[in-house]
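When we follow this note's numbering, the leftmost residue of the sequence shown carries the number 9, and every step to the right adds one. Here the structure is laid out as structure tokens; the discussion comes afterwards.
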Amino acid sequence: MTDFDLVVYGATGFTGRLVAEYLAGLDDPYRIALAGRSQWKLESVRDDLGVDWPVIVADAADPKALTKLAKSTTAVVTTVGPYWKYGLPLVEACAKAGTHYADLAGEVLFMRESIERYDAVAKKSGARIVHASGFDSIPSDLGVYLLHEAAEGPLGETVMAVRWASGGFSGGTIASGIGQMEAAKADPALRRVMEDPYALTPGESGPDEGDQLWVHYEPVLDSWTGPFVMAGINTRVVRRSNMLLGYEYGRDFAYKEVVATGPGLGGRARATALATASTGGMAALSVGPIRRVASRFLPEPGEGPGQESREKGGFRIEFRSTLPDGRVYGAEVIGKGDPGYAATSRMLSEAGLCLATTEGPGGVLTPASAMGDALVDRLRAAGMTLRAWQVR
Ligand SMILES: NC(=O)c1ccc[n+]([C@@H]2O[C@H](COP(=O)([O-])OP(=O)(O)OC[C@H]3O[C@@H](n4cnc5c(N)ncnc54)[C@H](OP(=O)(O)O)[C@@H]3O)[C@@H](O)[C@H]2O)c1
Numbered sequence: 009m010t011d012f013d014l015v016v017y018g019a020t021g022f023t024g025r026l027v028a029e030y031l032a033g034l035d036d037p038y039r040i041a042l043a044g045r046s047q048w049k050l051e052s053v054r055d056d057l058g059v060d061w062p063v064i065v066a067d068a069a070d071p072k073a074l075t076k077l078a079k080s081t082t083a084v085v086t087t088v089g090p091y092w093k094y095g096l097p098l099v100e101a102c103a104k105a106g107t108h109y110a111d112l113a114g115e116v117l118f119m120r121e122s123i124e125r126y127d128a129v130a131k132k133s134g135a136r137i138v139h140a141s142g143f144d145s146i147p148s149d150l151g152v153y154l155l156h157e158a159a160e161g162p163l164g165e166t167v168m169a170v171r172w173a174s175g176g177f178s179g180g181t182i183a184s185g186i187g188q189m190e191a192a193k194a195d196p197a198l199r200r201v202m203e204d205p206y207a208l209t210p211g212e213s214g215p216d217e218g219d220q221l222w223v224h225y226e227p228v229l230d231s232w233t234g235p236f237v238m239a240g241i242n243t244r245v246v247r248r249s250n251m252l253l254g255y256e257y258g259r260d261f262a263y264k265e266v267v268a269t270g271p272g273l274g275g276r277a278r279a280t281a282l283a284t285a286s287t288g289g290m291a292a293l294s295v296g297p298i299r300r301v302a303s304r305f306l307p308e309p310g311e312g313p314g315q316e317s318r319e320k321g322g323f324r325i326e327f328r329s330t331l332p333d334g335r336v337y338g339a340e341v342i343g344k345g346d347p348g349y350a351a352t353s354r355m356l357s358e359a360g361l362c363l364a365t366t367e368g369p370g371g372v373l374t375p376a377s378a379m380g381d382a383l384v385d386r387l388r389a390a391g392m393t394l395r396a397w398q399v400r
């Protein structure tokens, strides 16, 4: 028997504090501990929350302390990022100890490294290691999972469209994005991994060739669409789920993610503006001096959107899949609160509790393949809408 059900690692950071706050607001008597690198900061978070949870001090560069942490608990959720910089030692400690793990990594290179190094270790120990357990990529992953359940068989061409999303960015997220960009710039082999639609299913392939970068009219949505900034992460996670679920979505499953901007000339103009801004923004950020100047005006690590913007934010994403026999299925996922922070901290907390209270085979998994219906149920109970239906 472990000392804790769940340890929150990184509880002193912007998102980690929100996770701890969410858990402190639950009625259920889970055994929780707060962990991080600074005892006084952890005690101050604990005092602010008015809880009596133990604190655990462990630096991300101290494998001994991380092993002790992993052995003390059934599951860990971690917000210590950038994960590419700090994350692998905790994955290793959990994979070896058989401790379940969930994080907010939106970093393809980190996830790929974790798969290559620790999938076999986690399979052996029974640890379920689940990356991308926030806005990227739980809504995408569970939306497609529900589509497949509703269709009761393989899916065909599938599109996820962001209909509405309102929120901000934290310093930690910006640092993580910039870190991936710099790693890819410095090493062409890493750039190829980031550009590979099947980066998280090494050795596998399928019909997808890349993410949508420009404007496209999507008849199944009756809408013009532009590129979605998180597509490069979410689509890889969803394709890994398909593989881990034994290709239940089909070997021909094709998947993309876009932002829907509506029909007509107005929709087309909005999609063009979005595509121009994201292409221009990425091109500018790929230039070192521009990136350094821009980061001076962006939030620092530990900073992020204020309470009002976290509460007012939200998202609604929609899915359509056209099956080989012509039937069309739809799904939607709706969350209240800033997607990256209020909604994300809720999703990560529920994923951590789900891992702590359910069973399943180990490995480096995805939200849908590790938790499936159990996580859908928990998120619905936590106020999110997740549903799928036959359109025609
Ligand atoms: N996928 C999503 O939807 C999503 C949404 C939100 C955030 N994120 C990701 O979550 C991560 C955290 O973001 P954030 O804005 O919360 O970042 P943050 O405020 O900078 O927090 C980082 C945390 O890591 C801790 N830390 C840093 N170095 C450490 C070390 N050597 N050992 C142990 N702990 C260390 C910090 O501790 P101190 O307080 O002691 O400095 C802090 O608790 C980022 O990677 C971000 O991209 C993802």
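Backbone N, C-alpha and C fix where the C-beta goes; we use that ideal spot for every residue, glycine too. Since the model is a prediction, treat every value here as computed from it, not as a measurement.
Considering just the uninterrupted stretch of the beta strand (DSSP E) at residue i, what are its terminal residues?
| i | result |
| --- | --- |
| W222 | Run containing W222: none; DSSP gives neither H nor E here. |
| L42 | I40 to G44 |
| Y263 | A262 to G270 |
| Y17 | F12 to Y17 |
| L394 | T393 to Q398 |
| G338 | V336 to K344 |
| Y257 | Neither: Y257 is in no beta strand (DSSP E) and is coded neither H nor E. |
| T23 | First-last for T23: F22 to A32, but that is the alpha helix (DSSP H), not the beta strand (DSSP E). |
| D111 | H108 to D111 |
Looking at residue i and ligand 2, is the gap between the Cβ and the nearest heavy atom below 8 Å?
| i | result |
| --- | --- |
| T374 | Here the bound small molecules are ligand 1; ligand 2 is not part of this structure. |
Confirm the yes/no value for this check: CB of residue i, any heavy atom of ligand 1, distance under 8 Å.
| i | result |
| --- | --- |
| A19 | yes |
| Y94 | yes |
| L112 | yes |
| V404 | This structure cannot speak to residue 404, because the chain is shown only from 9 to 400. |
| D55 | no |
| Y91 | yes |
| Y349 | yes |
| R171 | no |
| E421 | In the structure displayed, the chain extends from 9 to 400; residue 421 sits before or after that span and is not available. |
| G134 | no |
| E115 | yes |
| G24 | yes |
| K49 | yes |
| A78 | no |
| S46 | yes |
| S184 | yes |
| A41 | no |
| T75 | no |
| D144 | yes |
| E311 | yes |
Can residue i and residue j be called in contact, C-beta distance under 9 Å?
| i | j | result |
| --- | --- | --- |
| S467 | G234 | No statement about residue 467 is possible, as the shown extent of the chain runs from 9 to 400 and does not include it. |
| G218 | P205 | yes |
| G371 | L252 | yes |
| S357 | Y30 | yes |
| D216 | R259 | no |
| G310 | G21 | yes |
| L42 | T352 | no |
| H224 | V266 | yes |
| F327 | G338 | yes |
| T1 | D13 | Residue 1 lies beyond the residue range present for the chain, which begins at 9 and ends at 400; the question has no answer from this structure. |
| T8 | V341 | This structure does not reach residue 8, given that the chain is present from 9 up to 400, and the question cannot be answered. |
| A83 | L361 | yes |
| S148 | I137 | no |
| G95 | A113 | yes |
| Y109 | V384 | no |
| A140 | M119 | yes |
| D144 | V245 | yes |
| L98 | A191 | no |
| A19 | T87 | yes |
| G321 | T181 | no |
| L387 | L208 | no |
| R200 | W232 | no |
| P375 | K131 | no |
| A350 | R395 | no |
| R324 | A158 | no |
| M355 | G175 | no |
| T10 | T75 | no |
Give the range of the alpha helix (DSSP H) segment to which residue i is assigned.
| i | result |
| --- | --- |
| R388 | P375 to A389 |
| D56 | Q47 to L57 |
| T352 | T352 to T365 |
| P196 | P196 to E203 |
| V237 | V237 -> no alpha helix (DSSP H), and no H or E assigned at all. |
| S317 | Q315 to K320 |
Fill in: Segments assigned alpha helix (DSSP H), at least 4 residues, entirely inside the segment 120 to 185
146 to 159
Fill in: Runs of beta strand (DSSP E) lying entirely within the segment 66 to 106, each at least 3 residues, in chain order
81 to 86
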